[in-house]
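*Asks:*
Residue numbers (our numbering): 40 to 196.
(1) Going by DSSP in three states, residue 174 sits in which element: helix, strand or coil?
(2) Can you tell me whether residue 46 is buried or exposed, with buried defined as 16 or more other CB within 10 angstroms of its CB?
(3) Can the beta-carbon of residue 52 be found less than 8 Å from the beta-carbon of residue 90?
(4) Does the beta-carbon of residue 149 have 16 or more other beta-carbons within 10 angstroms, so that it is buried, or is it exposed?
(5) Flag this pair as yes or no: are the beta carbons of residue 119 and residue 110 separated by less than 8 Å?
(6) What's the call for residue 158, buried or exposed, on a 16-neighbour Cβ count within 10 Å?
(7) Taking DSSP as the reference, what is the three-state secondary structure of residue 55?
(8) Based on DSSP bridge pairs, tell me the residues matched to residue 121.
(9) From 154, 124, 125 and 160, pick the residue whose C-alpha is nearest to that of residue 136; which is it?
(10) Under the three-state reduction of DSSP, which class applies to residue 97: helix, strand or coil?
(11) Could you pull out every residue in the same chain whose Cβ sits closer than 8 Å to the Cβ of residue 144, ignoring the five residues on either side in sequence?
(12) Let's see if you can read the secondary structure: which residues bound the alpha helix (DSSP H) around residue 116?
(13) Secondary structure at residue 166, three-state DSSP: helix, strand or coil?
(14) So, using beta-carbon positions, are residue 101 and residue 161 closer together than 8 Å?
Here you go:
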């Protein structure tokens with residue numbers, strides 16, 4: 040972790056390993072305080088920022104735009120599908136995204152290309168009975184809308 044490896048920073052890092060789903064800095068701070076750690080919210084934010092810079096956490100945005108953190112697996116960066124109601128997350132196969140990003144970098148000559156892909160939905164536990172999650176639009180969401188000039192656009196959620 041960047042900076043000094045203090046007792047508080049080690050506590051943040053360890054606490055992240057205890058949680059399967061994404062957690063906000065405020066939630067993580069509350070859990071650490073409940074467990075008896077004397078740690079300030081600013082220190083939690085600083086430790087999370089350092090972990091992110093080192094590639095030690097995956098970060099997603101919640102519905103309000105807040106950042107949520109999850110310890111990154113040792114095999115590297117992943118993409119997740121998040122429930123908009125309960126926050127449950129599950130990793131998704133994203134090899135095609137990684138290949139696409141690498142192809143864009145190679146084709147343009149850019150280096151250190153980064154990307155963000157966020158997938159959200161309503162998990163089976165939160166979805167109302169009888170709601171199969173069918174889209175409200177009709178037809179193929181990837182077809183070009185004739186009223187909108189330019190390339191095909193998707194408004195699918």
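Idealized CB from N, CA, C, for every residue including glycine.
*Replies:* Taking the structure as given:
(1) In this prediction, residue 174 has a pLDDT of 44, which is less than 50 and means its spatial position is unreliable; nothing more can be read from the coordinates.
(2) Residue 46 is exposed by the Cβ-count criterion.
(3) Going by C-beta atoms, residue 52 is nearer than 8 Å to residue 90.
(4) exposed
(5) No. Outside cutoff.
(6) Around the beta carbon of residue 158, fewer than 16 other beta carbons sit within 10 angstroms, so the residue counts as exposed.
(7) In the displayed model, residue 55 falls within a helix according to three-state DSSP.
(8) Looking at the DSSP assignment, residue 121 forms a beta bridge with 128 and 159.
(9) 154
(10) In the displayed model, residue 97 falls within a strand according to three-state DSSP.
(11) 150 and 152
(12) No alpha helix (DSSP H) contains residue 116, which DSSP labels as neither H nor E.
(13) coil
(14) no
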